[in-house]
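Numbering (this note's numbering), first residue to last: 5 to 142.
Every residue, glycine too, gets a C-beta built ideally from N, C-alpha and C.
To start, the structure under review is shown below, and the notes come after it.
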């Protein structure tokens, strides 16, 4: 019996002004871990997203965004108190968007997202969760 392949895709967008022009800004990294692996249809898949500001300056308007992966539904999200997340209703799909007004210099935050793998998902399919982080410089 084959196991599901659970894949995480991450992107870091460059800092941008209100007009989305490239400029120097804080260095932001996004890392992710997940469990359990391998998983199975009908089970939950938890993803921890860690965003870190490696710069010596604060990062303003930090945004993490991603869609509920195909063959899954949204279950829950836990975010630090400095963050605000908008997510789909549990049991549905859609976009997850989390924002922080400021991520301090050399600071980090971890957000936990849980998905349910659909019961009818074939056991040998790949499920990919993709998230991006960006910051705006005003």
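Check whether the Cβ of residue i lies closer than 7 Å to any Cβ atom in chain D.
i: residue 65; result: The chain labelled as chain D is not found in the depicted structure, where only one protein chain is given.
Could you round the C-beta distance between residue i and residue j to whole angstroms and report it? I think they count as a contact, below 8 Å.
i: residue 91; j: residue 78; result: 6 Å
i: residue 107; j: residue 55; result: 7 Å
i: residue 60; j: residue 109; result: 5 Å
i: residue 120; j: residue 48; result: 6 Å
i: residue 104; j: residue 66; result: 5 Å
Terminal residues of the continuous beta strand (DSSP E) containing residue i?
i: residue 78; result: 76–82
i: residue 124; result: From DSSP, residue 124 is part of no beta strand (DSSP E); its letter is neither H nor E.
i: residue 54; result: 48–57
i: residue 88; result: 87–90
i: residue 132; result: 130–139
i: residue 70; result: 63–71
From residue i to residue j, what does the alpha carbon distance come to, in whole angstroms?
i: residue 50; j: residue 116; result: 7 Å
i: residue 88; j: residue 72; result: 17 Å
i: residue 37; j: residue 126; result: 23 Å
i: residue 101; j: residue 85; result: 15 Å
i: residue 52; j: residue 136; result: 13 Å
Return the residue from the list the options that minimises the CA-CA distance to residue i.
i: residue 134; options: 69, 48 and 119; result: 69
i: residue 146; options: 32, 36, 40 and 118; result: As displayed, the chain neither begins before 5 nor continues past 142, which places residue 146 out of reach and without an answer.
i: residue 58; options: 130, 132, 33 and 85; result: 33
With a CB to CB cut of under 6 Å and the five nearest residues on each side skipped, what residues in its chain are close to residue i?
i: residue 46; result: 123
i: residue 35; result: 54
i: residue 95; result: 77
i: residue 82; result: 116
Residues in the same chain with beta-carbon distance under 8 Å from residue i, minus the five sequence neighbours each way, listed in chain order, please.
i: residue 93; result: 78
Keeping to the same chain, check which residues put their C-beta closer than 7 Å to that of residue i; ignore five residues upstream and five downstream.
i: residue 75; result: 121, 122, 125, 129 and 131
i: residue 80; result: 94 and 118
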